[in-house]
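*Asks:* One structure coming up, written as structure tokens, with questions to follow.
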Amino acid sequence: MTTTPILILSGKGKTGRRVVEQLTARRVPVRLASRSSEQRFDWYDDTTWSAAIDGIDTAYLAPPVGPTGLARAGQFIKRAAEEGLRRVVLLSGRGVGSPGRDFAVYQSSLELECAVKDSGADWTIVRPAWFAQGFSEDFMYDHVMAGEIRLSAGDGGEAWIDVDDVGDVMTAALLDEKHTGETYSLSGPRILTMSDVATELSAASRRPIEYVDLTPEQHVNELVEYGVPLEDAESVRDLFAVIRNHRSEYVSEGVRQVLGRAPRDFSDWARTTAQTGVWSA
């Protein structure tokens, strides 16, 4: 068992939190680094980078949203490898590098993947589909509570994935070097449109929920009103444009490749999540 801490960037985020829990349960030491942690780290302040990297062999990197943040993450990984980082597991996005994704956020994600591959460090890249937990732990939670899922996904479908599955894959990639040089695409076991999602969430939460299809422009405006920075709002719009254009309607096998089991179904996730009371307020 390694005695060198694994650096976890975005350790309080949806994936990072789960990776930390799993590593801690296995008694693997971790170093959390964020703007609010004891080890301060800020993607936009490179004077915080070296201290976070110092003495670290392996890192889990969950980059910021948006082209500017992704570019900073690319600069960070170059610096980290120069200062001794030996392995990195990168959270990317399903479909990065695929045709039909000619948006800034996808291009910036591809550039970050290339920066990781060119850094000289060993790497594993994990590309998950949209997280089911977006409806229980993120801005879409408020949509569920309001009874209207307001997104610009049209009638396109997505193979939503349980973040617990993503955390399992990330942990395996961090602890087993057999995953070095691999790129894994992850998804749930079936495709659901936003109307399907609304139906599933209504049944699980026992709340009436409907899907309201926004135009991409309306979606950006509502996100900005919610408090999302404009660049990030435009990135979210573009990510949903891929769904809107029916380019996410496929299932990926990464969970089975890494873990030897099927991913969790959205219905199972929704039912279990409802039992925690998260939508009962």
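Residue numbers (my numbering): 962 to 1242. Glycine included, C-beta positions come from ideal geometry on N, C-alpha and C. Source: prediction; values computed, not measured.
(1) Counting along the chain, where does the beta strand (DSSP E) carrying I1152 start and finish?
(2) Apart from the five residues on each side of it in sequence, which residues of its chain come closer than 7 Å, Cβ to Cβ, to A1076?
(3) Give me the Cα-Cα distance between H1207 and T1008, rounded to the nearest whole angstrom.
(4) Roughly how far, in whole angstroms, is the beta-carbon of V980 from the beta-carbon of Y1005, given that I think they are within contact range, below 8 Å?
(5) Taking the beta carbon of K975 as the centre, do at least 16 other beta carbons fall within 10 Å, making it buried, or is it exposed?
(6) Would E1119 pass as a contact of L1153 if the rule is Cβ separation under 8 Å?
(7) Roughly how many angstroms lie between the CA atoms of I1147 and G1058, to the nearest whole one?
(8) Between which two residues does the beta strand (DSSP E) containing P1089 stretch?
(9) Per DSSP, E1119 is paired with what?
(10) From the DSSP secondary-structure annotation, give me the bridge partner or partners of A994.
(11) Please return the same chain residues whose Cβ sits closer than 6 Å to the Cβ of D1226, not counting the five positions on each side in sequence.
(12) Note down, in chain order, each residue of its chain lying with its Cβ closer than 6 Å to the Cβ of S1196, except the 5 sequence neighbours on either side.
(13) Does the separation of the CB atoms of R1062 and R1088 fall below 8 Å?
(14) Which residues in the same chain as R1232 place their Cβ atom closer than 7 Å to its Cβ, once the five residues preceding and following it in sequence are excluded?
(15) Under the rule that 16 or more other beta-carbon atoms within 10 Å means buried, what is V1212, buried or exposed?
(16) For A1082, which residues from the same chain have a beta carbon less than 7 Å from its beta carbon, with the 5 sequence-adjacent residues on both sides left out?
(17) Would DSSP call I1038 helix, strand or coil?
(18) Find out if the Cβ-Cβ distance for the pair I1110, A1032 is shorter than 8 Å.
(19) Quick test of your reading: S1113 and L1191, contact by CB under 8 Å. State the CB separation rounded to the nearest angstrom.
(20) Taking the alpha-carbon positions, what's the Q1236 to G1016 distance?
(21) Go ahead and label P1060 buried or exposed: buried means 16 or more other beta carbons lie within 10 angstroms of its beta carbon, across all protein chains shown.
(22) Enumerate in chain order the residues of its own chain whose CB-to-CB distance from V1105 is below 8 Å, with the five nearest sequence positions on each side excluded.
*Replies:* Let me lay it out:
(1) Locating residue 1152 in the sequence shown gives position 191, where the first residue counts as 1. Per DSSP, I1152 belongs to no beta strand (DSSP E) and is neither H nor E.
(2) Here residue 1076 refers to the residue found at position 115 when the sequence shown is read from its first residue. Only G1035, I1038 and K1039 meet the Cβ criterion.
(3) Walking along the sequence shown from the start, residue 1207 turns up at place 246. Walking along the sequence shown from the start, residue 1008 turns up at place 47. Cα to Cα, the separation comes out at about 42 Å.
(4) Residue mapping note: residue 980 aligns to position 19 of the sequence shown, counting from 1. Residue mapping note: residue 1005 aligns to position 44 of the sequence shown, counting from 1. The pair is not a contact, with the Cβ atoms about 23 Å apart (cut-off 8 Å).
(5) Start at 1 with the first residue of the sequence shown, and residue 975 comes out as number 14. With 16 or more Cβ atoms within 10 Å of its Cβ, K975 is classed as buried.
(6) Counting from one through the sequence shown, the residue named residue 1119 turns up at place 158. Counting from one through the sequence shown, the residue named residue 1153 turns up at place 192. Yes, they are a contact pair.
(7) By 1-based counting over the sequence shown, the position of residue 1147 is 186. By 1-based counting over the sequence shown, the position of residue 1058 is 97. The amino acid occupying residue 1147 in the given sequence is Leu; Ile does not appear at that position. Taking the straight line joining both Cα atoms gives about 15 Å.
(8) Taking the sequence shown and counting its residues from 1, the one referred to as residue 1089 is at position 128. Unbroken beta strand (DSSP E) run through P1089: D1083 to P1089.
(9) Start at 1 with the first residue of the sequence shown, and residue 1119 comes out as number 158. Partner(s): L1153.
(10) Within the sequence shown, numbered from 1, the residue matching residue 994 stands at position 33. Paired residues: L970 and Q1000.
(11) Within the sequence shown, the letter at position 265 stands for residue 1226. Once the five neighbours on either side are set aside, the close Cβ partners of D1226 are P1150.
(12) Counting from one through the sequence shown, the residue named residue 1196 turns up at place 235. Excluding residues within five positions, the ones whose Cβ falls inside 6 Å are V1026, G1027 and V1066.
(13) Here residue 1062 refers to the residue found at position 101 when the sequence shown is read from its first residue. Here residue 1088 refers to the residue found at position 127 when the sequence shown is read from its first residue. No. Outside cutoff.
(14) The sequence position of residue 1232 within the sequence shown is 271, counting from 1. For R1232, where only same-chain residues beyond five positions count, the Cβ hits under 7 Å are A1165.
(15) Sequence index remark: in the sequence shown, residue 1212 carries index 251 (1-based). It is exposed - the Cβ of V1212 has fewer than 16 other Cβ atoms within 10 Å.
(16) As a position in the sequence shown, residue 1082 is number 121, starting the count at 1. Excluding positions up to five away in sequence, the list reads A1042, L1046, R1047, R1048 and V1049.
(17) One-based indexing of the sequence shown puts residue 1038 at position 77. In this structure, I1038 counts as helix in the three-state DSSP scheme.
(18) Your numbering for residue 1110 matches position 149 in the sequence shown. Your numbering for residue 1032 matches position 71 in the sequence shown. No, Cβ-Cβ distance for I1110 and A1032 is not below 8 Å.
(19) Looking up residue 1113 in the sequence shown gives position 152. Looking up residue 1191 in the sequence shown gives position 230. The pair is not a contact, with the Cβ atoms about 15 Å apart (cut-off 8 Å).
(20) By one-based count along the sequence shown, residue 1236 stands at place 275. By one-based count along the sequence shown, residue 1016 stands at place 55. One C-alpha to the other measures close to 42 Å.
(21) Position 99 of the sequence shown, counted from the first residue, corresponds to residue 1060. Exposed is the call here.
(22) Residue numbering aside, residue 1105 sits at position 144 when the sequence shown is read from its first letter. Contacts found: F1096, S1097, L1162, S1166, R1168, I1170 and W1240.
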